[in-house]
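The number in the working numbering is simply the position in the sequence shown, starting from 1, with 63 added. This report refers to the structure that appears directly beneath it.
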Amino acid sequence: SLYVSEYFSQSAQKLSFYSWYGNAKLFHFRVPEDTVLLRWLLQASRGKGPECTNMEITVHFRYGAPPVINPLGTRFPANATVRPSYSISITLSSAVQNTTFVNVTTPAAGDWFIAAHLPEAAGRIEVKGFSTPCPYMFQADMFVLRLADMPILEPGGVMPQTVVSPAKPLHVKVFVPKHAAGMQFELRNCLTSEQKACAVRVVLGSITLPQSFQRIVTCVGKVNCSLALDSPPWEKWLQVMVESLGAANASVSVEMLASFTACRPGSTSSFLNFSSLNQSQTGPRPGSTGPAGSSSLSTGEASRNASDQRSFCLRSQPVVREDLDVVSVRYRLLNGPSVPVNSLSPTLLLLNLNTGMDSGGSLVVSLLLNKTSVSLANATVAACMSAASPVLSLNATRNCSTAFFQGYPLSLSTSSAEATLIVLYPQTDDWFLSLQLICPKGQGECNAAEAKVTVFAYLTPCFNDCGPYGQCSLLRRHGYLYAACSCKAGWGGWSCTDNTKAQSVGAQNLATLLLTLSNLMFLPAIAVAVYRYYLVEASVYTYTMFFSTFYHACDQPGVAVMCIMDYDTLQYCDFLGSVVSIWVTILCMSRVKKILKYVLFLLGTLLIAMSLQLDRRGVWNMMGPCLFALVIMIAAWVYHGVKRRHCYPSSWKRWVFYLLPGITLAFIAISVYAFMETNENYYYTHSIWHVLVACSVAFLLPPRDKHKKPWAWSQKLTCRYQICQNDREELYAVT
64 SLYVSEYFSQ SAQKLSFYSW YGNAKLFHFR VPEDTVLLRW LLQASRGKGP ECTNMEITVH
124 FRYGAPPVIN PLGTRFPANA TVRPSYSISI TLSSAVQNTT FVNVTTPAAG DWFIAAHLPE
184 AAGRIEVKGF STPCPYMFQA DMFVLRLADM PILEPGGVMP QTVVSPAKPL HVKVFVPKHA
244 AGMQFELRNC LTSEQKACAV RVVLGSITLP QSFQRIVTCV GKVNCSLALD SPPWEKWLQV
304 MVESLGAANA SVSVEMLASF TACRPGSTSS FLNFSSLNQS QTGPRPGSTG PAGSSSLSTG
364 EASRNASDQR SFCLRSQPVV REDLDVVSVR YRLLNGPSVP VNSLSPTLLL LNLNTGMDSG
424 GSLVVSLLLN KTSVSLANAT VAACMSAASP VLSLNATRNC STAFFQGYPL SLSTSSAEAT
484 LIVLYPQTDD WFLSLQLICP KGQGECNAAE AKVTVFAYLT PCFNDCGPYG QCSLLRRHGY
544 LYAACSCKAG WGGWSCTDNT KAQSVGAQNL ATLLLTLSNL MFLPAIAVAV YRYYLVEASV
604 YTYTMFFSTF YHACDQPGVA VMCIMDYDTL QYCDFLGSVV SIWVTILCMS RVKKILKYVL
664 FLLGTLLIAM SLQLDRRGVW NMMGPCLFAL VIMIAAWVYH GVKRRHCYPS SWKRWVFYLL
724 PGITLAFIAI SVYAFMETNE NYYYTHSIWH VLVACSVAFL LPPRDKHKKP WAWSQKLTCR
784 YQICQNDREE LYAVT
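Next comes the structure, spelled out in structure tokens:
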């Protein structure tokens, strides 16, 4: 056999600590057909700085769709199907780099996904620039070894083959046609080169992670052995591997035979369904005989269908796939939302999810039983959702499984008439919904019974749009799109339905009130600025107080939210007002000439606006203007001190009662903002930041100029009255 090796690589990604699915870095590969060996090369590395510590990286694997993971141990939504992913751990200890290999023999062809992440996030809010996080990098490469000329086993034909040695197993493939109800594989005339009974192992199917359903049969001392498969995957190549268990130098000759059991579907053709759909929209065609003729026709068809139903192994209902948006599909039944279900053969619905872009959402199937349509009170409707091939034997053992897939069972009855199934990240394939009526006393009791089941099926990016406490985010890895929920207000889980750590409504209201009303502490600073004739500074503080209040009212994660304008606009204005407030306060303390002060006010505000547009959360957007303003203030104070030949400010009371308390409050505020804020304590630590900054501004503002008279409204009123009194006296004297 001719083996061809191929290599696929993707760029490395920087790993993140896990708090939601968006923190997991996704790698998407496509395994070609006829692959007999798949090897993953996983490379993890870290930085060399002192902030880098020992770290454990978790890597998840899945075939057909992104892995469904739960590192935080949260709850999934009700009716959701969850199967644990296959995962390994890579430890970065003393070594800066770690290389790990993962081998998969006879992997399934198609999409394979790898997701990697760091442990759970600590929840600390880090200010960009104050600390340097350690970079942890991860890269996944894929090596495949495939057969360029894999022999094809024709159904019904005998194929003689030879297994050269145990080190070189034999690989063949057989194509499974559509509507194949079963497959019988036989191994005949298995003899060694010494004409003795052979010992071989036959493996049917490919490996799919996290669960693999390969069928294995060992033939020891038998000339002939066989293996039967129920519901093999339709319209797919099925790999067969034969391994010799004998001596290393002994070859084995075998004959292989594969045969299929056909399933005859009973359904109306698509053309007739579309014709009936057009008739229902446009009315009866000319020449129809009216209600009486229609009734006789339907009666004749019903009797003919009843006689033919026993020869059908399934009844297929036509389904139209309607693409709505990215990872958003609605399935519409042509014959209406209700489908007939009986006990003779299962009713089958095909849900097409094989475009390669449908596996990044959630498949939701809802069933509703019409209770009036079921004549038997104890009868139940068994349903099964499976991929690749349908389940055709629901009435026998109610086992919802096919040859290589474990399906998802559902059940309806008169006592429980509703059922919902949520498949998270469904694998890329054709999905089948099988429904059949089952009676407890035997199928003979149900032969004349029929149930009506309403089916609603759709693919959505996030189930229930993540609820009121979550946000559905569309993620992208190269050209592949997938969706995940980002939860807030303490809620967690895949769809933000886990309220274990959720904040109560009272706690949410308290957080909103603290973060908004704490900005009212700017009112004393505004009053001091106005009293001392710093009207420009007072305007800046008013601007900051207003936008900080409404930004935090809009930034809340829960139900206590109020947005007066776009969130991004409020955030930008809040950040701009905060930095400009610090800028104008320090420049006001420098006591430079008015014309120079106002030029610096305007120029600094323009530069701050530009820097915030470039990087809104960078620490130097705040520290840069502060340091530059401090340099100007210190230079101005030195100039005033040299000019006056004594310390500036000269009053010790100014230092003790104003400057030192203001500087202390400012340093405490910066420490709280940079080192103490976490996701849990944000609402009160950030409120403390508001209070401390506003109070420090009130202390740091310098006294008014000596030539400025105070806002003495009472004196001015008295003066006006005195002038009027003098005028009266003068007029009286003249008279």
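Every residue gets a Cβ at the ideal spot worked out from N, C-alpha and C, and that includes glycine.
Item	Value
Let me check understanding here. Comparing Cα to Cα, which of 236, 284, 136 and 279 lies closest to residue 255?	284
Rounded to the nearest angstrom, how far is the Cβ of residue 264 from that of residue 306, given a contact under 8 Å?	5 Å
Between 126, 132, 513 and 236, which lies nearest to residue 302 when the distance is taken from Cα to Cα?	236
For residue 435, collect the residues of the same chain with a Cβ closer than 7 Å to its Cβ; drop the 5 residues on either side in sequence, then sort them by chain order.	none
CA-CA distance, residue 81 and residue 561?	17 Å
Would you kindly work out how many angstroms separate the C-alpha atoms of residue 530 and residue 658, rounded to a whole number?	55 Å
Name, in chain order, the residues that DSSP records as bridge partners for residue 469.	464
By Cβ distance, which residues of its chain are closer than 7 Å to residue 272, with the 5 residues on each side in sequence left out?	124, 125, 126 and 149
What separation, rounded to the nearest whole angstrom, lies between the Cα atoms of residue 469 and residue 177?	22 Å
Which of helix, strand or coil does DSSP assign to residue 627?	coil
Under three-state DSSP, which class holds residue 97?	coil
Compare the beta carbon distance of residue 214 and residue 240 with 9 Å and say whether it is the shorter of the two.	no
Please classify residue 220 as buried or exposed, where buried requires at least 16 other C-beta atoms within 10 Å of its C-beta.	exposed
Let's test the definition: count the other Cβ atoms within 10 Å of the Cβ of residue 111 and tell me whether it reaches 16, buried, or not, exposed.	exposed
Are residue 643 and residue 668 touching if we call contact CB-CB under 9 Å?	yes
How long is the line joining the alpha carbons of residue 595 and residue 717, rounded to whole angstroms?	15 Å
With 9 Å set as the bound, which would you pick, yes or no: does the beta-carbon of residue 624 sit closer than that to a beta-carbon of chain B?	Any reference to chain B falls outside this structure, which holds one protein chain only.
So the alpha helix (DSSP H) residue 526 belongs to, where does it begin and stop?	Per DSSP, residue 526 belongs to no alpha helix (DSSP H) and is neither H nor E.
Threshold first: 4 residues or longer. Then list the alpha helix (DSSP H) segments lying entirely within the segment 733-773, N to C.	745-763
Can you have a look at residue 299 and say buried or exposed, based on whether 16 or more other CB atoms are within 10 angstroms of its CB?	buried
My assumption, with CB atoms under 8 Å, is that residue 313 sits in contact with residue 257. Please give the rounded CB distance.	7 Å
Quick check: what's the CA-CA separation for residue 410 versus residue 141?	26 Å
Can you tell me where the beta strand (DSSP E) with residue 175 in it begins and where it stops?	173-183
Less than 9 Å between the beta carbons of residue 495 and residue 449, yes or no?	yes
Could you check where the alpha helix (DSSP H) with residue 707 kicks off and where it finishes?	683-707
Can you pull the DSSP bridge partners for residue 533?	550
Pull up the distance between the alpha-carbon of residue 189 and that of residue 279, whole angstroms please.	54 Å
Is residue 582 helix, strand or coil when you go by DSSP?	helix
Just verifying my parser: in three-state terms, what is the DSSP assignment at residue 491?	coil
Which residues does DSSP list as the beta-bridge partners of residue 429?	483 and 519
Pick from 387, 247, 689 and 587: whose alpha carbon is nearest that of residue 323?	247
In terms of alpha-carbon separation, which member of 378, 291 and 277 lies closest to residue 327?	378
May I have the straight-line CA-CA distance separating residue 477 from residue 408, to the nearest angstrom?	21 Å
Less than 9 Å separating the beta-carbons of residue 481 and residue 500?	no
Can you give me the C-alpha to C-alpha distance between residue 162 and residue 181, rounded to a whole angstrom?	16 Å
Which residue from 728, 382 and 484 puts its Cα closest to that of residue 399?	382
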